[in-house]
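Report on the following structure.
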Amino acid sequence: MVDLNSPILQIGSTIAMLVMAVTVIIIRMKASHRPVTVRKIIIPPIAMSTGFIMFVEPQVHIPLWWGAVAFCVGWFIFSYPLIRSTKFEKVEGQVFVQRSRSFVYILIGILAVRLLLHGYIEQHISIPQTAALFFLLAYGMIVHWRISMYRQYQKITGPEVVA
């Protein structure tokens, strides 16, 4: 059986997280050149919801209140800077995300805070449980941010646009 608390897994997950963060930054920078659609707003949280499958594994189980707190921290704290830095503009009838230099700094800041919290929390609970908490935190952050984006998109386009 695989030891889910090994130092190699810790290092590997940290490296994977850094690679994903850099990938997100690159994708977001490229995405600012393409129009935004409702589909592009709602697909990330829907796709991310497949991560809930991890809770099938008993080693990942956490108390319900831990999960609720993690989700709320993502919803109320971590999503706020993303919501504030995401603005839309309408150009020739299409909606685009305005490029924001602060967005990259915010993502880097969130990543740094996450790394610091991760290092502290994993000293007290198992790595799989830490992964569960940070998944719920990220999910709360993404869902709140995307709901806010959708509302802002509806304001700029009007309710008749659904594509």
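Each residue of the sequence shown is one higher than the last, beginning at 21 in my numbering.
Idealized CB from N, CA, C, for every residue including glycine.
Computed from a predicted structure; not experimentally measured.
Notebook entry, point to check: Going straight from the alpha carbon of Q79 to that of G87, what length do you get?
Noted result: 14 Å
Note to self: Just verifying my parser: in three-state terms, what is the DSSP assignment at Q114?
What the structure shows: strand
Next item on the list: State the start and end residues of the unbroken alpha helix (DSSP H) segment that holds R104.
Entry: Looking at the DSSP string, the run of the alpha helix (DSSP H) that includes R104 is S99 to S105.
Margin query: Within the continuous alpha helix (DSSP H) that includes P78, where are the two ends?
Written below: Note, P78: premise wrong, no alpha helix (DSSP H); not H, not E.
Next item on the list: Select from M37, R166, Q30 and T43 the residue whose C-alpha is nearest the C-alpha of T106.
Entry: R166
Margin query: Between the alpha carbons of Q143 and A158, how many angstroms are there, rounded?
Written below: 20 Å
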